[in-house]
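Protein chains in written order, with numbering that gives the first Met the number 0: chain A, 0 to 276; chain B, 0 to 276; chain C, 0 to 276; chain D, 0 to 276; chain E, 0 to 276; chain F, 0 to 276.
Protein chains: 6
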Amino acid sequence: MFYHIKELQYDAKPERPDPIFAKQLQEILGGQYGEISVMMQYLFQGFNGRADKKYRDLCLDMGTEEMAHVEMLATMIARLLDNAPVKDQEAAYKSNPVVAAAMGGMNPQHAIVSGLGAMPVDSVGNRWTASYIGASGNLMADFRANLTAESQGRLQAVRLYEMATDQGVKDTLSFMIARDTAHQNQWYAALYELEQRENDIVVPSTFPRKLEKQEVSYTLYNLSEGEESKKGRWASGPSMDGKGQFKYSQPVSYGPAPSLTPAPKYIHDTMIPPIKS
Amino acid sequence: MFYHIKELQYDAKPERPDPIFAKQLQEILGGQYGEISVMMQYLFQGFNGRADKKYRDLCLDMGTEEMAHVEMLATMIARLLDNAPVKDQEAAYKSNPVVAAAMGGMNPQHAIVSGLGAMPVDSVGNRWTASYIGASGNLMADFRANLTAESQGRLQAVRLYEMATDQGVKDTLSFMIARDTAHQNQWYAALYELEQRENDIVVPSTFPRKLEKQEVSYTLYNLSEGEESKKGRWASGPSMDGKGQFKYSQPVSYGPAPSLTPAPKYIHDTMIPPIKS
Amino acid sequence: MFYHIKELQYDAKPERPDPIFAKQLQEILGGQYGEISVMMQYLFQGFNGRADKKYRDLCLDMGTEEMAHVEMLATMIARLLDNAPVKDQEAAYKSNPVVAAAMGGMNPQHAIVSGLGAMPVDSVGNRWTASYIGASGNLMADFRANLTAESQGRLQAVRLYEMATDQGVKDTLSFMIARDTAHQNQWYAALYELEQRENDIVVPSTFPRKLEKQEVSYTLYNLSEGEESKKGRWASGPSMDGKGQFKYSQPVSYGPAPSLTPAPKYIHDTMIPPIKS
Amino acid sequence: MFYHIKELQYDAKPERPDPIFAKQLQEILGGQYGEISVMMQYLFQGFNGRADKKYRDLCLDMGTEEMAHVEMLATMIARLLDNAPVKDQEAAYKSNPVVAAAMGGMNPQHAIVSGLGAMPVDSVGNRWTASYIGASGNLMADFRANLTAESQGRLQAVRLYEMATDQGVKDTLSFMIARDTAHQNQWYAALYELEQRENDIVVPSTFPRKLEKQEVSYTLYNLSEGEESKKGRWASGPSMDGKGQFKYSQPVSYGPAPSLTPAPKYIHDTMIPPIKS
Amino acid sequence: MFYHIKELQYDAKPERPDPIFAKQLQEILGGQYGEISVMMQYLFQGFNGRADKKYRDLCLDMGTEEMAHVEMLATMIARLLDNAPVKDQEAAYKSNPVVAAAMGGMNPQHAIVSGLGAMPVDSVGNRWTASYIGASGNLMADFRANLTAESQGRLQAVRLYEMATDQGVKDTLSFMIARDTAHQNQWYAALYELEQRENDIVVPSTFPRKLEKQEVSYTLYNLSEGEESKKGRWASGPSMDGKGQFKYSQPVSYGPAPSLTPAPKYIHDTMIPPIKS
Amino acid sequence: MFYHIKELQYDAKPERPDPIFAKQLQEILGGQYGEISVMMQYLFQGFNGRADKKYRDLCLDMGTEEMAHVEMLATMIARLLDNAPVKDQEAAYKSNPVVAAAMGGMNPQHAIVSGLGAMPVDSVGNRWTASYIGASGNLMADFRANLTAESQGRLQAVRLYEMATDQGVKDTLSFMIARDTAHQNQWYAALYELEQRENDIVVPSTFPRKLEKQEVSYTLYNLSEGEESKKGRWASGPSMDGKGQFKYSQPVSYGPAPSLTPAPKYIHDTMIPPIKS
């Protein structure tokens, strides 16, 4: 069960309305790496947790915090939309090019659809979709997804911070950026712990290595002309899992050119030889 | 530019057709973490690469390999669909419960839409969408996404290996699983290199820390009842970025309960006080 | 079968082109609560109608009218796009800020994709999807969906009316708003009739109440801090279905904290205790 | 902010695993009218609330409860998936037709993607999308959407109750069905209160009626052959808003057949008269 | 405006219910090339028609017919779902493997969501989306899309005919297949007429050829190893537009390897050289 | 397998950055008829090819070329985004209306999400989806889809050419337009060859005509008031397949008005007669 506390985790008050920034800020609310995504991802990982209780609890602690972030951003966006000048557009466009530009840059659904409220959409208006998130039951895989989400999320928050001029907005973003710092550190720590415990960095660590074609387990194929990619840590030396040596190789084809069996007649694919009706 | 070589990277020949497995195998072709996703993700990261050439080349090497995996899986799926028994269904259902079960378990679009061909869909038939992928220009963020994709992808391939009984299928999967081992190791190495070079694990490392609310940068809030989450590496000790100490804290509210301004009349939101028409 | 009459249900002629308004007007054509949605929703309810003929006929009457609205709006949008100034953009941006703003505010697909035609999209360009609509076979549930659609639809039309300055546009909208008034009244009447006939307001009325946990059938749980929600009609007094008394209650947990069984090994979830590879 | 309590609102324990029912039960978790939809819809209505505090609080009370329902259903689905027999499929299909049928009827992603966990998807595997929900700022419109969602949701839960044979599943569903009874009554009461206060049933009540084409505000057009639809409360008598009389009318066309202006040459639409290259 | 006639264009009565076939038949109702797609595509082409009236009328004639096809298929699907055995599933699965198989193969939403009604979805349950259709204002482009849709549509109908055993279903499909024959012939004729009139087969014919890089206007590049593709009409001889000669060529690169400018600091992309925080 | 060559197929260098045009150019990269669509469509047709090798090779030649086009456009878009002025927005909006307009017209995700990189999206930001493409196994159907895609694609490229003022952009587009000319000619030729070989223009040509209702195989129904559509090649004379005569006919109904059986009680649809709870 959940319980809602009226106070915000952090204040979310812009100095003044700005409907264009409201549109842009939607990215970290309802975008691919926005707060709805991390909230849903962590909660489903928690609800489905079949492993140690502490991981389950960790997911639920963080997922519950992300809900507070959804709330803060929704509140901020609603305030950025206060009194958005959507009435009598022609007048606005004619009299004031700056207002006109602003109107051209706002999301029209903020006026027409949500009535000056936040929406579960990204900065171009794509509706949030669960295609953004994952929960696999394998925590090393999932915590890597979480670390990714926090990395992309903090990057986007930082870019918005750079674009912003409103001190209220910047202040709220500085809080959210700090929380992303915390979450990146925490998922990183959890991954470190799991890698130690499973004694491997390869997901899933439980599949016997002898069942995979081990001769290609550490090779980088040079499939893009030029050898710039040879110069990295990934191309030579011991592999990161400590179980092999990195190799750099020209492309190899292990299989023949494929040839498919013709389809049965009742499928009505094009057949060889020519068909007469 | 690209050039296509007719030979497959590895053979993709099942011992015998199996339309149910064809449906399931679609997951790692056209699903969220399937081969189309990694191919598109790596190629876009490569095409957009503004940093060192070696990272760009690495992305293009791997993205180009993933195209070969798309080809292998498409070929395998087409062969698993050879002669799928979709004609005269009623007869099949009546005479043979095992065939009936098989027909109930295949993807009907493999017969009706693709004519026994592979499709850019997942194992339940969702069409592939670019909502699955990301390329941000920040390589640490993006390579974490890549490591995640290879981790989830190998996990799914392993699960399919466990479900399979056909030795041809298992053999092809054992190749793909090995390549996922290689790719996990390689992205892991690239991340290690980037973390060393940027001397930080927090993305983006270029945002001045003093601009974030540093007092909350290492705290885990206990927002889910119970303290199981206190027992992990993430809750105490030095933070993973080496710049602070992890803290475990009861929830704190830094903001007031929000109150929004009423909308202007021309928005026609519900107003306070009661409106008379 | 259907038959198409060339005349429009109402004229759809703006005084002058306005590509920005064309973009905005798309919301009530191809948006979540636009004319395509109600057309498809009512037609499917009609086609699937297994109850009294008069409800089936009502759905088909209205669904057929909504097709005329799709036609009117498509026509209006095409006219708003007449001679949209998309050629030689740089010149326009440089010479005339108001034209520049207009160009920034139009939907580029109106030029590139549809060639100055209307599209089945909303005001930000999301393609129409059948995820917007429903037809369940239970008319009380479905007519509530219809009343909702007409309410949201009229609200959006009214907001567009407020934004418009073109008298031709306003005139057409005033017709569509009146039809939404009619449709809200009609679905409301149909719902009233169904509630009387089923002697209940709860959908479905055919499920025996004794099979539900009746002790929680009229309670509002105070799950958000503060008791403002206690002051409404919904928190005390007889319930609206006349079968109970509203109650206001602090949160109650009837179930234990859940604990899930570990997954079988072949699933490769993270396991307890630690796994060694 | 939110706080998570470990106990479930109600127990969610099936008597035994059943992967087919797990797939079906996904409908009311991640489907169009599932718990994720109502949770997100009510929370956004609450966060965006600009009207009386009690409505905001009501939305947050209910939205917070729906999160508990998401948790219960996710838990139930995970348990229904315990030990799903996905290994060595061929053996299962050959030896036991009932197991074979079960495997054909389960969602393969429950094994391959989520590792026996619940997913934010419906019963056929469509990922949850925010296209399902709405929050307009006009409470009468929104509460009608809420009443619809609870009506469709209870209908679906009742149908699943009829399909179920497991007493644990039925018991949990009987709790959820009762809560849907409560929520239908509560939104119905809130709507009643709003209609009284606004003295109208037409949304938005704040648009001056004289601005709409009032001569068509109460007419039902007989656009589907036959007059069955004439026999309802909606076709004659006083209108539900008390402001007019229902009318039944043969179709009327108020507008001319439209004719569109040819596009400018730079659009490259097909032109009249014939174009020579 | 439209008018609905109660009679079906053709009867749509299966001999007996068959919920599996109902699911499969959804493909040509709500799938990519189903009746909803052609209906919407033709209607939007008609509504947006800026060229000769006869083309506009043709689109509206056909679009209006496709609505009748939507109605026929929806009716057929509803009848195939009559009395679907969805109650007490466990009993069904245990007692009768053939019924069990049938239940595993039906779309669960046909019971849970639509109450035994047709849905605007394809055979795996993807909701219909306007991403399937197009209307560009250039009739040669659009009629090619129409000819494609009728070709794919007839192919799918033929495949379903092969899968069906019910004589009522086959009879209805034989009507729809014949209509697809008519529509393929008609769009083919319209294309022939347009090609004659525009004296070109290349869309758009109105773009001056001298503005394109004409030296590559008729070349096929051999970008896939092997020269099988050299043996077709497309690789040599006069081009189909009569304005050039087909050529077969080894791949040519006209551009240099690209190199992108580093991003400005405020974008926080990965930079060259190493960044110190 | 594939191999990547660093050189571009053609140069992709704008004279100067232009973030608005970057947004617009996305249409032909990641839109419905953009380069990702043709690349994926041709590759899947090739991978699934069960007919003559030369068609398979043709699809792979062209699909591989389209990948080079994806690369060129991605490169062009990245360069158009060089140094996009997204920092300190307020200043820009205030000081310079033309810059302000430009900022209002750019895709905010180009700054926030992709860090000045191209994205797999269209010109309004819809993510690319495999719903755009098809591969049916029947080559006549598929090559018609390919001809359509090249026609719509060239039309969009031409429109963008008209909108552009940058000579670098125009030059690249003139190359892509020429390649579209080539591809239209080539698919046209392949279709011509297939029609000759199958001696029919109707897809699939392998379904016995006697199994369709041949009396309606060449009729155009006048379902839209007025007879403008009678004046085309499609309404009289020999049919294009040479097997019949076109006819023009007033609408005919071959079926009765449908009436559906009531649903079983356990479905909880609305029933006839009135239900008492």
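Yeah, the Cβ is synthetic: ideal placement off N, Cα and C, and Gly gets one too.
message = Can you check whether the C-beta of leucine 154 of chain D is within less than 8 Å of a C-beta belonging to chain F?
response = yes
ask   = Residues of chain C with a CB under 7 Å from the CB of glutamate 161 of chain B: which are they?
value = Tyr265
query = Quick one: is serine 173 of chain C near chain A, going by C-beta distance under 8 Å?
reply = no
ask   = Does DSSP put tyrosine 247 of chain C in a helix, in a strand, or in coil?
value = strand
key: Separation of threonine 74 of chain B from methionine 105 of chain B, as counted between CA atoms   = 17 Å
task = Could you tell me whether the stretch 265 to 273 of chain E touches the stretch 53 to 73 of chain F, where touching means 3 or more Cβ pairs closer than 8 Å?
result = no
query = Three or more C-beta pairs closer than 8 Å, one from the stretch 35 to 45 of chain E and one from the stretch 5 to 20 of chain C: is that the case here?
reply = no
Alpha-carbon to alpha-carbon, leucine 190 of chain C and arginine 178 of chain D = 22 Å
task = Give the straight-line distance between the Cα atoms of alanine 262 of chain B and aspartate 17 of chain E, rounded to the nearest whole angstrom.
result = 54 Å
task = Just mark alanine 256 of chain D as buried or exposed, buried being the case when its beta carbon has 16 or more other beta carbons within 10 Å.
result = exposed
query = Beta carbon of glycine 29 of chain D, beta carbon of tryptophan 127 of chain D: below 8 Å?
reply = yes
Three-state secondary structure (DSSP) of serine 276 of chain C = Confidence at serine 276 of chain C is low in this model, with a pLDDT of 49, below 50, so its placement is unreliable and no value can be given for it.
Amino acids of chain C, ordered along the chain, whose beta-carbon sits closer than 9 Å to that of serine 223 of chain F = Tyr2, His3, Ile4 and Lys5
task = Please list the partners that isoleucine 176 of chain E has in chain B, where partner means a Cβ-to-Cβ separation under 8 Å.
result = Neighbours of isoleucine 176 of chain E on chain B: none; closest Cβ ~14 Å, over 8 Å.
ask   = Can you find a C-beta in chain C that's less than 8 Å from the C-beta of aspartate 179 of chain F?
value = no
ask   = What are the start and end residues of the alpha helix (DSSP H) that includes phenylalanine 1 of chain D?
value = Unbroken run through phenylalanine 1 of chain D is the beta strand (DSSP E), 1 to 3; no alpha helix (DSSP H).
task = Can you have a look at asparagine 277 of chain B and say buried or exposed, based on whether 16 or more other CB atoms are within 10 angstroms of its CB?
result = Chain B is shown only over 0 to 276; residue 277 of chain B falls outside these bounds and no answer can be derived.
task = Just the C-alpha distance for serine 248 of chain B and valine 215 of chain B, rounded to the nearest angstrom, thanks.
result = 10 Å
request  = Below 7 Å between beta carbons is the criterion; list the residues of the stretch 55 to 85 of chain E that meet it against any residue of chain B, in chain order.
outcome  = none
key: Cβ-based burial, glycine 236 of chain D [other Cβ within 10 Å; buried from 16]   = exposed
request  = If I'm right that glutamine 108 of chain E touches serine 135 of chain F with Cβ under 8 Å, what's the distance once you round it to whole angstroms?
outcome  = The pair is not a contact, with the Cβ atoms about 25 Å apart (cut-off 8 Å).
task = Would you list the one or two residues that DSSP bridges to leucine 150 of chain E?
result = Leucine is not the amino acid found at residue 150 of chain E; the sequence shown has serine there. Partner(s): none; serine 150 of chain E has no beta bridge.
query = Comparing alpha-carbon positions, which option in F:Ser173, F:Met139, F:Arg143 and F:Leu80 lies nearest glutamine 155 of chain F?
reply = F:Ser173
request  = Could you work out which residues of chain E lie near tryptophan 127 of chain C, taking near to mean beta carbons separated by less than 8 Å?
outcome  = Thr128 and Ala129
task = Spatial neighbours of leucine 259 of chain B within its chain, please: CB distance less than 7 Å, with the 5 preceding and 5 following residues excluded, ordered by chain position.
result = none
message = Going by DSSP, what residue range makes up the beta strand (DSSP E) through glutamine 218 of chain A?
response = In the sequence as displayed, the identity of residue 218 of chain A is threonine instead of glutamine. First-last of the beta strand (DSSP E) with threonine 218 of chain A: 218 to 220.
key: Residue range of the alpha helix (DSSP H) that includes glutamate 214 of chain B   = Note, glutamate 214 of chain B: premise wrong, no alpha helix (DSSP H); not H, not E.
key: Neighbour list for alanine 262 of chain D in chain E, Cβ cutoff strictly below 8 Å   = Arg49 and Gly136
message = Can you find the residues in the same chain that come closer than 6 Å, C-beta to C-beta, to leucine 33 of chain B, ignoring five residues on each side of it along the sequence?
response = Note on identity: in this sequence residue 33 of chain B is glycine, with leucine being the wrong assignment. Excluding residues within five positions, the ones whose Cβ falls inside 6 Å are Ile27.
task = Return the chain-ordered list of same chain residues with a C-beta closer than 7 Å to the C-beta of valine 202 of chain C, the five sequence neighbours on each side being excluded.
result = Asn137, Met139 and Ala140
task = With glutamine 23 of chain F as the anchor, note down where its alpha helix (DSSP H) starts and where it stops.
result = 18 to 24
ask   = In its own chain, which residues sit with a C-beta less than 6 Å from the C-beta of alanine 163 of chain A, not counting the 5 before and 5 after it?
value = Lys169
ask   = Where do the ends of the alpha helix (DSSP H) carrying tryptophan 186 of chain B lie?
value = 166 to 197
task = Please say whether leucine 115 of chain A and glutamine 23 of chain A have beta carbons closer to each other than 8 Å?
result = no
request  = Thinking serine 223 of chain E and lysine 5 of chain B are a contact (beta carbons under 8 Å), I'd like their distance in whole angstroms, please.
outcome  = 7 Å
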